[in-house]
Amino acid sequence: MAVLRSRKYLQLSDAEILERYKNQPTGEDLYFLQVEIEQRDLAEEALQVLSQVNKKARHSVLYYLFYALMFGFFIVRFGKDFI
């Protein structure tokens with residue numbers, strides 16, 4: 196079966212294909228990138244790239260300390276009203 200491939204993506208290197216796939220394209224771009232990934236056997240590399248992108252963003256320790264401090268201020272200010 197003949198696969199329709201984009202000339203734009205045929206000219207790109209493997210690294211450029213993976214970089215564009217990392218940006219999570221949609222529509223026609225996604226289709227042609229998936230075709231190029233299949234044709235160049237880059238499926239494993241594409242999965243690695245997406246796993247790096249999809250890692251959860253974690254907050255720093257200072258983020259949690261700030262909210263703990265704010266909670267402490269709240270308890271000090273309004274604690275007598277609830278007891």
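Residues 196 to 278 in this note's numbering are what the sequence shown lists, from first letter to last.
For glycine and all other residues, C-beta sits at the position ideal for the given N, C-alpha and C.
- Judged by pairs of C-beta atoms under 8 Å, the stretch 252-264 does not touch the stretch 222-231, as fewer than three such pairs exist.
- When DSSP states are grouped into helix, strand and coil, residue 253 belongs to the coil group.
- In terms of CA proximity to residue 248, 214 leads the group 205, 214 and 208.
- Under the three-state reduction of DSSP, residue 208 is assigned to coil, being neither helix nor strand.
- Under the criterion of beta carbons closer than 8 Å, residue 198 and residue 216 do not qualify as touching, at roughly 17 Å.
- Nearest in C-alpha terms to residue 240, of all of 209, 261, 230 and 259, is 209.
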